[in-house]
Amino acid sequence: MNATDNVMLDVKGLRGGYGAIQVLHGLDFHVMEGEIVVILGANGAGKTTTLRAISGMIERTGAITVAGEAVGSAKAPDIVRKGVAHVPQGRGTLPELSVEDNLRVGAFIRKDDEVDSDMDQWFEAYPVLRERKNQRAGSLSGGEQQMLAVARALMSRPRLLLLDEPSLGLAPIIVSDLFERFAEINKETGTTMLVVEQNAQLALGIAARGYVLESGEIFTEGPADELIDDDAIRKAYLGI
Amino acid sequence: MELLINRVFDGLSNGATYALLAMALVMIFKATTLINFAQGEFAMFGGFIVMVLVLEQGLPVWIGVIVGMILSAVLAAVIERTLIRPFDPADHLPLVIITLGLFLAINAIAGIVWRFDPRAFPEMFPSGNVFTYGNASLSWYTVGTMVTIAVVAGGLTLLLNKTKIGLAFRAVSSNLESSELVGIRVGPTLQFGWAIAAAVGTLGVAVFVASPVRQLEPQVMVTGLIFAVSAAALGGLDSLGGAIAGGLAIGLVQSIVVPYLGVPSELSLFAAVAVLMLVLLFKPAGLFGTAAVERV
Amino acid sequence: MAAGTPMFTIEKGSAQYRAYRILGFALLALLIFIVAFAFNDTGSITLFDNDYKLSITRVTKAISFMVAILGLQVVAGFTGQLSLGQGFFFGTGAYLSAWLVADHGWNWFATLAVVVPVCFLLGLLFGVPALRIKGLYLALVTLGLAAIFPSLILLDILEPYTGGAAGKQVDSDLKPPGWLPLDGTVDLLNKLPVFGQYFGEGSGLSSKQEQRVWTFFLMVVLALVCFKMVNNLVKSRPGRAMRAVRDNETSAAVNGISLSYHKTMSFGVASALGGVGGMVYVAELGIASQGDFTQLLSILFIVGLVVGGVGTLSGAVIGGLVIAFIPDWASSTRGFPGLPERWLQGPTGGLILGIGLIVLTFVLPGGVIVGIRKIRDRIVRIIPRPPVIPGQHDLSDADAFNSPATAATV
């Protein structure tokens, strides 16, 4: 990937949770423009909550800056307008709407006239989406829905893409294909990505750096190839 | 035979009103899974606004209807913003209580302002019949109501499928969280739904009382709501097309089955409630709705 | 969360607590006594030239509503099934007892032997399909039920029993026993300094007035019995099971609580109470007419339920008073400074209740009872008795042992 020297996402002292249950206890991390960064951790460590905090789905405190702009206490629809797109856990497809409508709604905040040509590009890249253009999105397979969800998120031409456990519920062969495509997208469009994953091996394979979360705090961090080789990490998170 | 034909036409035109009101209920239900118990009263109030515009301000009938629809949409939008939005959409109880409060309050306001004497409503469709065959006749009124439903159905379909706000509305009805994640502001989108529902309901009441045999008074939709709810349930609470089918069906049941079975007219309401119960018991998704998966 | 320390803190089970309870009962008895005699058509408040009657007939009417709302507390407050059809059972009880008393000469209270089982069974009958219909849908169906009641009454085949559109007239038979010194009591009260003037004009009670006072006392006793029974139900095992059903059906089912049994039972109980309320209503009013039992009444019951406080027994008392008095008083308001007279004609009662309901949902969603309890808690706070654990003498946090979930809500 072609990471630049600009910081796309800067997070300091992030705390957040669900009402009385606080999950994040002060996280500090950053993502450079064009990078793919991975957040790893066991179940319940707070990975999904972290993404939800950034995209504005939950109440949080701390300093979040996207491309130099402070996010403050903005809510989700406004954060989307700052260039953040979040593919939620479970894909968040709109099942009753057609594939085409799912893509179109991804471009909701855009006011330019290139929406249709963007859609065509996605149909080119993933012909299966074109085939099922007018079908209910809920009738697609898990892997297809995941691609649809990613395409939908990218329709808003975000600067930062948040991916929450994209491999969840998908067959291994689909998942490796999926991650290849993520790497491709990052290379071709330069979109910065922050990926939360349990499948550490695959995720570290495409990432530049990684953070490991434990009980709402950052346990360790480092370049992806170092994390992969770290014995303790391998034992704890890769089961090797 | 001719009596049957007349009854069918009567049933269809009655059903048109139930269909329109049912569509209003479905709009709100689709987006929020809330049943607006005050929908009938919104519609009745809108009907009175139309009457005032036409009979007291002298507007031509159809202009008055359109303006009345717009005004009731605005009122509903205000109500949504002030009374509905502060509450968590998932928690139904406070919202049900609010709609019941609105039911009482709006009904009372109409009673205070316009009293309870029935008033004649201006005619919306030409009087007389399109054609007559022996004792059977197809009135312009019946044709008019059918055309109205078709126009509304077409309009709503265009609105929902070809406009941005329509897309947003369908997205919110499908998955609220994902909608927020693509930047849709849920509040204003729901507000749009309430406004459209109110406008459609107003048209429904207007059509209902424009009949030469009916008059407008504040209690007009108190039992009408039950018919509309039965119609919506029959058609599947989240299906606009189902609402139309359900409304027409209930109207037909009311005018054909009830007299033929020798059931006294008071029991037509009973028939509607029975239909509602049977639908909810045996096919909660109605004829056309999407079935909800319920675990345990 | 202390809103200031209360003036008194009383431990449950202590002697102070017993004194507190006795004081409470004494106050209640005194209140009932005063209402019985002071409200006997001589009581009215005059505000801004409007005459607001505090008549005892209205209070008895309020009692009938209280019992109906109590029923709603059982089905909606305790098992979480929102029923908009309580008016149906209220009306059934009313007509049934009116018919038995008018046409067959039964004693009013004897009719309960028929009204209670009939309404209970009807409620069960209704509760069974209600199992499959949840939440809003149930509210819809019950509203439909309430809506059809008047048309059922008007059916030709039922006319000889119901009196059709004209209603069923009944002469109230509740004459007080001769030995009760109602007359003498009023004279005595009349002689009290300062307050005596509120107890009549010194001419004793007419027989109609005596009847009303007697009816009031009887109905108060009946209502107390009903409230006590529901209170016992709440504290009993079935009652706790019901509340488990309300709070989380899945956990309740998984814990072996039969959902269908408890839900249908609660419907039966609620409907029976509705029927009892109906009997009280028609015993006081003397006539049952179908226009009184429309879906509007069912909605009013919900108003009373919510205004008083869902899931509380005292809330039913407040709710009953509110829906009995506010519409009457609103229509008695002929003139209010600043408001044009024309605005005050018409169903202002409905308007006040509707707006009140909306405001309350924002301000006091738990009902008026929440506000009252806050005030009460400033004065007296009851704390549970700390448990005695053998071998331990230092218990710093007694409250940890008693979670609010197990405390009965009264």
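Protein chains in written order, with this note's numbering: chain A, 1 to 240; chain B, 1001 to 1296; chain C, 2001 to 2410. A virtual CB, placed ideally from N, CA and C, is assigned to each residue, including glycine. These numbers come from a predicted model, not from an experiment.
Check	Outcome
Nearest residue (CA-CA) to residue 9(A), options 195(A), 103(A), 20(A) and 216(A)	195(A)
Beta-carbon gap between residue 1027(B) and residue 1197(B) smaller than 9 Å	yes
Sub-9 Å separation of residue 1206(B) and residue 2351(C) beta-carbons	no
Minimum C-alpha distance to residue 135(A) - residue among 46(A), 99(A), 45(A) and 180(A)	99(A)
is_contact[residue 1041(B), chain A] using C-beta, thresh 9 Å	no
Partner residues on chain B for residue 101(A), Cβ-Cβ distance less than 9 Å	1161, 1167, 1170 and 1171
Beta carbon proximity, residue 2017(C) to chain B, threshold 9 Å	no
CB contact check: residue 221(A) to chain B, cutoff 9 Å	no
Cβ shell of residue 2244(C) (< 8 Å), same chain only, five flanking positions each side left out	2251, 2252, 2255 and 2257
Euclidean distance between Cα positions of residue 2343(C) and residue 2333(C)	10 Å
Residue-chain proximity (residue 241(A), chain B), Cβ-Cβ < 9 Å	No information on residue 241(A) is available, as it lies outside the stretch 1 to 240 that chain A covers here.
Given residue 1095(B) as reference, the closest of 2367(C), 2362(C), 2370(C) and 2381(C) once Cα atoms are compared	2362(C)
9 Å Cβ cutoff, residue 1033(B) in contact with chain C	yes
Straight-line Cα distance separating residue 2382(C) from residue 1097(B)	32 Å
Rounded Cβ spacing between residue 1068(B) and residue 1040(B) (contact assumed at less than 8 Å)	16 Å between Cβ atoms; not a contact.
Partner residues on chain A for residue 1067(B), Cβ-Cβ distance less than 9 Å	The premise fails here: residue 1067(B) is roughly 32 Å from chain A at the closest Cβ pair, so nothing lies under 9 Å.
Candidates 2168(C), 2259(C) and 2317(C): closest to residue 2228(C) by CA position	2317(C)
Cβ pair residue 1186(B), residue 156(A) closer than 9 Å	no
Length of the line joining the Cα atoms of residue 91(A) and residue 1025(B)	30 Å
Cutoff 6 Å; reference residue 163(A); Cβ partners in own chain excluding five residues on either side	87 and 195
Assigned exposure category for residue 2280(C) - 16 Cβ within 10 Å defines buried	buried
Sequence ranges, beta strand (DSSP E) only - wholly within the stretch 1161 to 1198 of chain B, length at least 3	none
is_contact[residue 1293(B), chain A] using C-beta, thresh 9 Å	Because residue 1293(B) sits at a pLDDT of 44, beneath the cut-off of 50, its placement in the model cannot be relied upon, and the following sentence gives the value as read from the coordinates. Output row for residue 1293(B): interface = no.
Contact with chain C by residue 1115(B), beta-carbon distance below 9 Å	yes
Under 9 Å between C-beta atoms of residue 1209(B) and residue 1200(B)	no
Proximal residues to residue 2145(C) (C-beta, below 6 Å), its chain only, five neighbours per side dropped	2085 and 2088
Neighbourhood of residue 231(A) by C-beta, 6 Å cutoff - its chain only, sequence neighbours within 5 removed	none
is_contact[residue 2414(C), chain B] using C-beta, thresh 9 Å	In the structure as shown, chain C begins at 2001 and stops at 2410. Residue 2414(C) is therefore absent and cannot be evaluated.
Chain-ordered chain B contacts of residue 106(A) [CB-CB under 8 Å]	1182
Inter-residue CB distance, residue 2071(C) and residue 2269(C) (contact presumed, cutoff 8 Å)	7 Å
Residue from 2278(C), 2325(C), 2241(C) and 2166(C) whose Cα sits closest to the Cα of residue 1967(C)	Only positions 2001 to 2410 of chain C appear in this structure, which leaves residue 1967(C) out of reach.
CB contact below 9 Å: residue 2368(C) versus chain B	no
Given 8 Å, three or more beta-carbon pairs between the stretch 201 to 221 of chain A and the stretch 24 to 34 of chain A	yes
Cβ-Cβ separation, residue 2090(C) to residue 2297(C) (assumed contact under 8 Å), whole Å	7 Å
Neighbour list for residue 1239(B) in chain A, Cβ cutoff strictly below 9 Å	In chain order: nothing, as chain A lies at least about 11 Å away.
Rounded separation between residue 1167(B) and residue 2147(C) - CA only	37 Å
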